[in-house]
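Worksheet for the structure shown next.
This is the structure in structure tokens:
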């Protein structure tokens, strides 16, 4: 149990401390995502003054989607919080009354570390992001990326950064 508590304290510190995206001002390539309709890119994060292989910002884009659709994850080895700007419905099955969350979230939603921390089981288990808060602020990709950065203590990307969603890669 001490190991789990130490890891929780380390993840709490990671979320709260300032981080900086490495590579946002240089061209990069999108790679395959988790499915054939997704593309993914990972940016390392500088944390406590140095790069850390475990610390990264992961973006998933949907180049064939007709409307704005993406995911942004803050990862430390695995995703510990995620912003899903999608049209999906997310059930909050494991919510408690004090969570003040709806039973279902439709459309864009945010899986914060704070509301999902209690589901962390240790280093050998991938954290489950069971709960999501609804998100309804309008914006384009850049403003929503900046919202995520401010929410997760990532330094704002500089003006003219290269972080963009993947372009449409099919004609249909």
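Residue numbers (my numbering): 10 to 181.
Glycine is no exception: its CB is placed at the ideal position from the N, C-alpha and C atoms.
Exposure label - residue i; buried when at least 16 CB within 10 Å
i: residue 94; result: buried
i: residue 131; result: exposed
i: residue 176; result: exposed
i: residue 47; result: buried
i: residue 56; result: buried
i: residue 70; result: buried
Backbone secondary structure at residue i - three-state DSSP
i: residue 113; result: strand
i: residue 177; result: coil
i: residue 152; result: helix
i: residue 104; result: coil
i: residue 96; result: coil
i: residue 22; result: helix
i: residue 159; result: helix
i: residue 119; result: strand
i: residue 138; result: coil
i: residue 127; result: helix
Closest residue to residue i among the options (Cα-Cα distance)
i: residue 67; options: 13, 79 and 105; result: 79
i: residue 106; options: 72, 29, 124 and 52; result: 124
i: residue 122; options: 173, 97, 137 and 109; result: 137
i: residue 166; options: 54, 44 and 16; result: 54
i: residue 20; options: 85, 44 and 74; result: 85
i: residue 151; options: 145, 133, 173 and 74; result: 173
Using a Cβ distance threshold of 8 angstroms, determine whether the stretch 154–170 contacts the stretch 21–28, with at least three qualifying pairs required. Because the criterion of three Cβ pairs below 8 angstroms is met, the stretch 154–170 and the stretch 21–28 touch.
Should the stretch 135–145 be called in touch with the stretch 98–107, which here means at least 3 C-beta pairs below 8 angstroms? Flag = yes, the stretch 135–145 and the stretch 98–107 touch.
List in chain order: all unbroken beta strand (DSSP E) runs of 3+ residues lying wholly within the stretch 24–78. Segments of the beta strand (DSSP E) lying fully in the stretch 24–78: 28–30, 48–56 and 59–70.
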